[in-house]
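Below is one structure, written out as structure tokens; the observations come after it.
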Amino acid sequence: SSGNYLKLNLKNIMKRILDRFINLYAVWIILAFVVGFFYPNVFMWFTQGSWMTWALALVMLCMGLTLKVEDFISLFRTPKIVVIAAAIHYTVMPLSGLLIATAMNLPTEFAVGFLLLASCPAGTASNMIAYIARANVALSVISTAVSTLLAIVMTPILTKLLAGQYVHVDAWGMFLHVIQLVLIPVSLGVFINYKFPNFVKKLGQTGPVISTWAIVFISGGIIAPAVIDGKDILIDYAGTLLLAATLLHSLGFGLGYLLARLCKYDKAEAKAISCETGMQNGGLAAVLARNSFPALVPLVGVPAVFCSVMQTVIGGIIASIWRYMSKPINSDVVKEKS
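Per the numbering used here, residue 622 is the first one in the sequence shown, and the count goes up by one each step.
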């Protein structure tokens, strides 16, 4: 009937609008940065209390909703490639971050925030970049989940090792923060998806849209107090931080792809590992910086915002090039090379 046709047409239009909103993720982050810089009071309310903590927990919950028990079962069947992807991620990014922070002689606040960001897991936006690039999306999704769970241990340890030269790092306290911000909400999301799959299916694009808004507010909430309390140093080091973020994520994407190819994985798998290496969880880094290094707030969280912008821009450009150069593939199954 005409009524059902109209309803279906409106549903498709809404889906396209939401898809476009999610795909413009980088634009919203940049706008949050601009608004936070010129009109910091717009976001200052978000810095009060536990708004940022709850916002990031919501992002992690939404990530958990995208994962199925079957994803983890397939991981145990073919673990080698995922283990290699995680090993590349947790070596390339932290070592690149240390090299860049040392070579550019970043101030303590920015160095600690930058090294924390480099020690974080892959960001959920990596899955979108992998999809655009026609990479192995299944591998990307599973690798994001694995690196996120490994972050419970790896992020505190790596931050302690790398940033300990600048400031005392409470690795145990950071471990507890990661449990609160990552393990609990992701596990809850997986459980909800397992017990109520029809409900999760009806949510559709709701999760990614909520996650995008949450990251936008987290980014604005990091920049706003930095502008109010340290606008001069932020302006002085804006170019330096922009260059540092560009170098970090360029190395991540480039070395991630190169090392994967050296390990004899095909182009689709190598592109997925590249995306998982080059894309960091900027939201987690920003909130951890704020919660774990209160003496360095607000500047310690600023590198995470710069990196969130640049990784999405760089990733988007690389993904578009790869998409143009490659034919459509079907990569629903994670393959392991013998």
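Glycine included, each C-beta is placed from N, C-alpha and C at the ideal position.
- How many whole angstroms separate the CB atoms of Thr833 and Val788, which I take to be in contact at a CB cut-off of 8 Å? Not quite, the Cβ-Cβ distance comes to about 32 Å (not below 8 Å), so this is no contact.
- Would the beta-carbon of Pro777 fall within 8 Å of that of Asn902? no
- Item | Spatial distance of Lys892 from Gly936 (CA atoms) | 11 Å
- Between the C-alpha atoms of Ser871 and Ile813, what's the straight-line distance to the nearest angstrom? 36 Å
- Task: Since I believe Gly877 is in contact with Leu783 (beta carbons under 8 Å), could you give me their beta-carbon distance rounded to a whole number of angstroms?
- Result: Going by Cβ atoms, the distance from Leu783 to Gly877 rounds to 19 Å, so no, they are not a contact pair.
- Who are Gln901's beta bridge partners in DSSP? Answer is Ala743.
- Message: Starting from Leu802, trace the alpha helix (DSSP H) in both directions and tell me its first and last residue.
- Response: Segment: none, Leu802 is in no alpha helix (DSSP H) and carries neither H nor E.
- Query: Starting from Tyr878 and walking both ways along the alpha helix (DSSP H), at which residues does that stretch end?
  - Reply: 859–883
- Message: Using 8 Å as the cut-off, can you tell me whether the segment 917–929 makes contact with the segment 846–857, which would need three or more C-beta pairs spanning the two stretches below that distance?
- Response: yes
- Task: Verify whether the separation of the beta carbon atoms of Gly685 and Val811 is less than 8 Å.
- Result: yes
- Item | Sub-8 Å separation of Val803 and Ala772 beta-carbons | yes
- Query: Would you say Ala756 and Cys896 are within 8 Å of each other, going by their C-beta atoms?
  - Reply: yes
- What is the C-beta distance between Pro715 and Ala739, in whole angstroms, given that I count them as a contact (C-beta under 8 Å)? About 5 Å separates the two Cβ atoms, so the contact holds.
- Return the CA-CA distance between Phe914 and Gly842, expressed in angstroms with no decimal places. Going by the C-alpha atoms only, they are around 16 Å apart.
- Query: How long is the line joining the alpha carbons of Leu770 and Ile705, rounded to whole angstroms?
  - Reply: 15 Å
- Are the beta-carbon atoms of Ile702 and Tyr886 separated by less than 8 Å? Going by C-beta atoms, Ile702 is nearer than 8 Å to Tyr886.
- Query: To which residues of the same chain is Leu643 closer than 8 Å at the C-beta, ignoring the five residues directly before and after it?
  - Reply: In the sequence as presented, Leu is not what sits at residue 643; that position holds Ile. Once the five neighbours on either side are set aside, the close Cβ partners of Ile643 are Met749, Gln826, Pro829, Val830, Thr833.
- Quick one, which of Thr674, Trp943, Val807, Leu917 has its alpha-carbon nearest Val790's? Leu917
- Task: Check whether the Cβ atoms of Leu909 and Met795 lie closer than 8 Å to each other.
- Result: Yes.
- Item | Range of the contiguous alpha helix (DSSP H) that encloses Gln652 | For the sequence presented, residue 652 should be read as Leu rather than Gln. Run containing Leu652: 646–659, per the alpha helix (DSSP H) assignment.
- Item | Start-to-end residues for the alpha helix (DSSP H) that takes in Asn662 | 662–665
- Closest to Leu797 by CA distance: which of Asn912, Thr687, Ile939, Pro700 is it? Of Asn912, Thr687, Ile939, Pro700, the residue nearest in Cα terms is Asn912.
- Item | DSSP state of Asp791 mapped onto helix, strand, coil | coil
- Message: Helix, strand or coil, according to DSSP, for Tyr752 in the structure here?
- Response: Tyr752 falls in the helix class under three-state DSSP.
- Determine the direct distance from the alpha carbon of Ala940 to that of Lys689, and round the result to whole angstroms. Straight through space, the alpha carbons of Ala940 and Lys689 are spaced by roughly 26 Å.
- Item | Coarse secondary structure for Asn726, derived from DSSP in three states | coil
- Message: I need the boundaries of the alpha helix (DSSP H) containing Asn819, first residue and last residue.
- Response: 818–824
- Task: Indicate the three-state DSSP secondary structure (helix, strand or coil) for Asn601 in the structure shown.
- Result: Limits of the chain in this structure are 622 at one end and 959 at the other, which puts residue 601 out of reach.
- Task: Select from Cys683, Leu855, Leu760 the residue whose C-alpha is nearest the C-alpha of Ile805.
- Result: Cys683
- Task: Can you tell me the Cβ-Cβ gap for Gly904 and Ile800, rounded? I've got them flagged as a contact below 8 Å.
- Result: Not really, about 17 Å apart at Cβ, beyond 8 Å.
- How about Tyr646 and Thr867: are their beta carbons less than 8 Å apart? no
- Check whether the Cβ atoms of Leu880 and Ile709 lie closer than 8 Å to each other. yes
- Message: Taking its Cβ as the centre, do 16 or more other Cβ atoms sit within 10 Å of Glu890, making it buried, or is it exposed?
- Response: That one is buried.
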